[in-house]
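This report concerns only the one structure given below.
Next up, the structure:
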């Protein structure tokens, strides 16, 4: 199972990509098996995979927003999943994949440009895949996240 990322004091240090969210968790994917395990454990919850590289300026610019999203959406599911109206897909699992350390996996996933995001959900598999820069992040939140974060089984 992947480990939660370690946290330096600031995003300005060389290890900006290791910053950890205050409330949520961003799992580090180190192999294809890690990704399979995360997807299996997530069940019907949305899984957001951020593919980045330490040298990528756009990745560095987008990552604080990923941390913000993880704080906002991770673990948002109901306290009691068996409660009436609770959905198994509540909550979001955030992951990141270092392109440089996992080139073969990233290329197998179809990553050609960074930063690259993929959304997965249970039996649906991959429901979205796209590149995103800081300038496109607002649109990501409105168009992509809103659609995929909707609680499908609420009446």
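Numbering (the working numbering), first residue to last: 2 to 156. Backbone N, C-alpha and C fix where the C-beta goes; we use that ideal spot for every residue, glycine too.
query: In whole angstroms, what is the alpha-carbon distance linking residue 131 and residue 119?
result: 7 Å
- prompt: Shortest alpha-carbon distance to residue 127 belongs to which of 53, 45, 22 and 138?
  reply: 45
- prompt: Do you know whose CA, among 71, 138, 58 and 124, lies nearest residue 26's CA?
  reply: 71
field: 8 Å CB neighbourhood of residue 111 in its chain, flanking five on each side removed
entry: Contacts found: 130.
message: Let's test the definition: count the other Cβ atoms within 10 Å of the Cβ of residue 124 and tell me whether it reaches 16, buried, or not, exposed.
response: Residue 124 is classed as exposed because its beta carbon has fewer than 16 other beta carbons within 10 Å across all chains shown.
- request: Quick one: residues in its chain with C-beta nearer than 7 Å to the C-beta of residue 138, no 5 flanking neighbours on either side, listed in chain order?
  value: 63 and 66
message: Per DSSP, what are the beta-bridge partners of residue 98 in this structure?
response: 30 and 52
query: What residue does the beta strand (DSSP E) around residue 127 start on, and which one ends it?
result: 126-132
message: Checking 9 Å against the spacing of the C-beta atoms, do residue 98 and residue 36 come in under that value?
response: For residue 98 and residue 36, yes; Cβs fall inside 9 Å.
query: Using DSSP with H/G/I as helix, E/B as strand and the rest coil, what is residue 84?
result: Since pLDDT at residue 84 reaches only 42, below the 50 mark, its modelled position is unreliable, and the value read off the structure follows with that caveat. Note: residue 84 maps to coil in three-state DSSP.
- prompt: Is it the case that the Cβ atoms of residue 121 and residue 48 are separated by a distance below 9 Å?
  reply: Yes, Cβ-Cβ distance for residue 121 and residue 48 is below 9 Å.
query: In whole angstroms, what is the alpha-carbon distance linking residue 28 and residue 136?
result: 25 Å
task: Could you round the C-beta distance between residue 93 and residue 39 to whole angstroms and report it? I think they count as a contact, below 8 Å.
output: So it is not a contact: roughly 12 Å between Cβ atoms.
message: Within a Cβ cutoff of 8 Å, which residues of the same chain sit near residue 102, ignoring the five residues on either side of it in sequence?
response: 31
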